[in-house]
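Using the working numbering, read the sequence shown as starting at 3 and increasing by one per residue.
The beta carbon of each residue, even a glycine, is placed where N, CA and C say it ideally should be.
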Amino acid sequence: MRNALLLATFVLAGGALPLQSMARSPTGQVVYPAKGQSAKQADQDRYECHDWAREQSGFDPTQAPPPAASTPSGSAQPGGAMVRGAAGGAAVAELADRDAGKGAATGLLGSALRQRAQQQQTLSAEQQRVAQQQAARLQQRSTYDRGFGACMEARGYVVK
């Protein structure tokens, strides 16, 4: 009870004013005016440091990341490759005096497996491309955060 009374007295006496001047940066860093800068000065410094860090890093935390481009999967309809595979299998079976139906099925299966392997390869390449883009964006954000923090610290703020 005594602690609550002390806290209420502290807040009413104006002890919470420094907490009001504490603010967050666009990336969530906490910025505290260690040299008693006014709220107006802190806003101006935050804006100028944001602008400088954005120019240095090429990253703007106020902008949404670009949408990932998707590539068509090609699995909606069987393509001509599957038909050609079935026809080729039937032709080979016919030449070898085998059952043309089984040859067509074998050719169709081979084409389907090839198509599936190509789709997986395309998907893997797309996933790798997206991962590289995300890594580059994280690197830019890290550079932005360091730049923003350095700028604010140089102006007399504590940044965490």
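Under a three-way DSSP split, which group does residue i fall into?
i    : result
L7   : For L7, the predicted structure reports a pLDDT of 46, less than 50, and the residue's modelled location is therefore unreliable. A value from the coordinates is still provided. Looking at L7 - three-state DSSP - the assignment turns out to be helix.
M154 : helix
S113 : helix
G30  : coil
G60  : coil
S40  : coil
What do you reckon, are the CB atoms on residue i and residue j nearer than 8 Å?
i    : j   : result
R56  : D47 : no
G158 : K37 : yes
Based on Cα-Cα distance, which residue from the options lies nearest to residue i?
i    : options          : result
G60  : L140, E155, A156 : L140
G151 : E50, Q117, Q39   : E50
P69  : V132, M154, A137 : V132
Who does residue i pair with in a DSSP beta bridge?
i    : result
P67  : Note: P67 sits in no beta bridge, so no partner.
Y159 : P35
Throw me the rounded Cβ distance for the residue i and residue j pair, which I believe falls under 8 Å.
i    : j   : result
D147 : Q31 : 7 Å
Cβ of residue i versus every heavy atom of the ligand GTP: is any distance shorter than 7 Å?
i    : result
Y159 : The ligand GTP is not part of this structure, which contains no ligands at all.
From the beta carbon of residue i, is the nearest beta carbon of chain B less than 8 Å away?
i    : result
V161 : Of the chains in the structure shown, none is chain B; there is only one protein chain.
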